[in-house]
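Chemist: For reference, the structure I am asking about is given below.
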Amino acid sequence: MAPSRFLADVVTREFSALRIAVVPHGLKLGNGLPNLRTYDRNSSITFAYCGGLSPHKGVHLLLNAFLSLHAENAKLRIYGAAGINEKDYERKLHDIAASDPAINFCGTYERPDVGKVLNGIDVLIIPSLCYETYSFILHEGIAANIPIIASDIGHLAEKVRDSYTGWLFPVGDESALGEKLRQVMDNPAILNDIKGRLHDLFCPLEEEEAFMYERLYRIAISKPQQEVQPAR
Numbered sequence: 026m027a028p029s030r031f032l033a034d035v036v037t038r039e040f041s042a043l044r045i046a047v048v049p050h051g052l053k054l055g056n057g058l059p060n061l062r063t064y065d066r067n068s069s070i071t072f073a074y075c076g077g078l079s080p081h082k083g084v085h086l087l088l089n090a091f092l093s094l095h096a097e098n099a100k101l102r103i104y105g106a107a108g109i110n111e112k113d114y115e116r117k118l119h120d121i122a123a124s125d126p127a128i129n130f131c132g133t134y135e136r137p138d139v140g141k142v143l144n145g146i147d148v149l150i151i152p153s154l155c156y157e158t159y160s161f162i163l164h165e166g167i168a169a170n171i172p173i174i175a176s177d178i179g180h181l182a183e184k185v186r187d188s189y190t191g192w193l194f195p196v197g198d199e200s201a202l203g204e205k206l207r208q209v210m211d212n213p214a215i216l217n218d219i220k221g222r223l224h225d226l227f228c229p230l231e232e233e234e235a236f237m238y239e240r241l242y243r244i245a246i247s248k249p250q251q252e253v254q255p256a257r
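Residue numbers (the numbering used here): 26 to 257.
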């Protein structure tokens, strides 16, 4: 079993005989109400990143892209912290952002508070430089009715449809990310149509994930078991 079609395809390319069921990870019910904010051309925008502060997550790209825009109607919030071996990277991020008071490092939050965090932002940015086999924050954002701007890599590109349910940019392309940010800043009203289409995306709850696993196990135990030959 795999949590995304992307991961299932990666495995079956190497092990073509395997049959892999895709069972997405479920979300906890009650983590907040959907973000129902609407926008016009004069709306101010709060962008946010939520996740670990590690080089492969691409947070430096986001900071540089945002700084290049000299935004007057936008803010950027960074949620998360670095691991013990990545404190130098965290300091580098703070140094990059030091010249712009519109960038806020907000620290970490507890899982029950994710709904409150997402209700305080307008666009979620996921600038990963590596394959994401699954992304909880991506699905939490979609469930909270938050448009996403993400790298076109791994499961992110599987879930986000460019200019329809969010925006994709070429992985590692700081300039292209800046263009997506600028697109939203120049016309915040475009978020209304994106938010109206997020309901089309499936984000299962934990209970639905459990049901899918139970169904697969029932199918497995209902099939005749092959006799295992002892090793010689």
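Cβ coordinates follow ideal geometry from the N, Cα and C atoms, glycine included.
Taking the alpha carbon of Leu223 as the reference point, which residue from Lys248, Thr37, Asn60 and Pro28 has its own alpha carbon closest?
Modeler: Sequence index remark: in the sequence shown, residue 223 carries index 198 (1-based). Among Lys248, Thr37, Asn60 and Pro28, the Cα nearest to that of Leu223 belongs to Asn60.
Chemist: Of the residues Ser79, Glu111, Asn89 and Leu216, which one's Cα is nearest the Cα of Asp125?
Modeler: For this step, residue 125 is matched to residue 100 along the sequence shown. Taking only the C-alpha atoms, the option nearest Asp125 is Asn89.
Chemist: Considering only their Cβ atoms, is the gap separating Ser79 from Tyr114 smaller than 8 Å?
Modeler: For this step, residue 114 is matched to residue 89 along the sequence shown. For this step, residue 79 is matched to residue 54 along the sequence shown. Yes, Cβ-Cβ distance for Tyr114 and Ser79 is below 8 Å.
Chemist: Taking only the alpha-carbon atoms, compute the straight-line gap between Arg257 and Val36 and give it to the nearest angstrom.
Modeler: By one-based count along the sequence shown, residue 257 stands at place 232. By one-based count along the sequence shown, residue 36 stands at place 11. Note that Arg257 scores a pLDDT of 45, beneath 50, so its modelled location is shaky and nothing firm can be said.
Chemist: Under a Cβ-count criterion, where at least 16 other Cβ atoms within 10 Å of its own Cβ denotes burial, should Tyr134 be classed as buried or exposed?
Modeler: Residue numbering aside, residue 134 sits at position 109 when the sequence shown is read from its first letter. Looking at its Cβ environment, which holds fewer than 16 other Cβ atoms inside 10 Å, Tyr134 is exposed.
Chemist: Starting from the Cα of Leu230, find the closest Cα among Pro49, Ser41 and Phe31 and give me that residue.
Modeler: Position 205 of the sequence shown, counted from the first residue, corresponds to residue 230. Residue Pro49 is the option with its Cα nearest to Leu230.
Chemist: The beta strand (DSSP E) spanning Tyr104 covers which residue range?
Modeler: In the sequence shown, the residue the question calls residue 104 occupies position 79. Ala99 to Tyr104 is the span of the beta strand (DSSP E), which, as asked, contains Tyr104.
Chemist: Which stretch, first to last residue, makes up the alpha helix (DSSP H) that contains Pro149?
Modeler: If you number the sequence shown from 1, residue 149 lands on position 124. The residue asked about is misnamed: residue 149 is Leu in this sequence, not Pro. Segment Val148 to Ile151 is the beta strand (DSSP E) holding Leu149; no alpha helix (DSSP H) there.
Chemist: Assign Asp147 to buried or exposed, taking buried as 16 or more other Cβ atoms, counted over all protein chains shown, within 10 Å of its Cβ.
Modeler: Within the sequence shown, residue 147 is the residue found at index 122, counting from 1. Per the 10 Å Cβ criterion, buried.
Chemist: Mapping the DSSP letters down to three states, classify Tyr114 as helix, strand or coil.
Modeler: Translated into the one-based positions of the sequence shown, residue 114 becomes position 89. In the structure shown, Tyr114 sits in a helix (DSSP, three-state: H, G or I).
Chemist: Which residues share a DSSP beta bridge with Val196?
Modeler: Your numbering for residue 196 matches position 171 in the sequence shown. Val196 pairs with nothing; no bridge assigned.
Chemist: Below 8 Å between beta carbons: does that hold for Ile162 and Leu181?
Modeler: For the purposes of this step, residue 162 is identified with residue 137 of the sequence shown, where counting begins at 1. For the purposes of this step, residue 181 is identified with residue 156 of the sequence shown, where counting begins at 1. No, Cβ-Cβ distance for Ile162 and Leu181 is not below 8 Å.
Chemist: Sorted by chain position, which residues of the same chain lie with C-beta nearer than 6 Å to Asn167's C-beta, five sequence neighbours on each side aside?
Modeler: Here residue 167 corresponds to residue number 142 of the sequence shown, with the count starting at 1. Note that residue 167 corresponds to Ile in the displayed sequence, not to Asn. For Ile167, where only same-chain residues beyond five positions count, the Cβ hits under 6 Å are Leu223, Leu226 and Cys228.
Chemist: CA-CA distance, Ala245 and Ile45?
Modeler: One-based indexing of the sequence shown puts residue 245 at position 220. One-based indexing of the sequence shown puts residue 45 at position 20. For Ala245 and Ile45, the distance between alpha carbons rounds to 13 Å.
Chemist: State the Cα-Cα distance for the pair Glu157 and Asp65, rounded to the nearest angstrom.
Modeler: Residue mapping note: residue 157 aligns to position 132 of the sequence shown, counting from 1. Residue mapping note: residue 65 aligns to position 40 of the sequence shown, counting from 1. Roughly 33 Å separates the two Cα atoms.
Chemist: Tell me, please, which residues DSSP counts as bridged to Ser176.
Modeler: Against the sequence shown, residue 176 aligns to sequence position 151. According to DSSP, Ser176 bridges with Phe194.
Chemist: Given Ala27, which residues of its chain have a CB within under 6 Å of its CB, disregarding the five upstream and five downstream residues?
Modeler: Start at 1 with the first residue of the sequence shown, and residue 27 comes out as number 2. Taken in chain order, the residues that qualify are Ala33, Ile45 and Val47.
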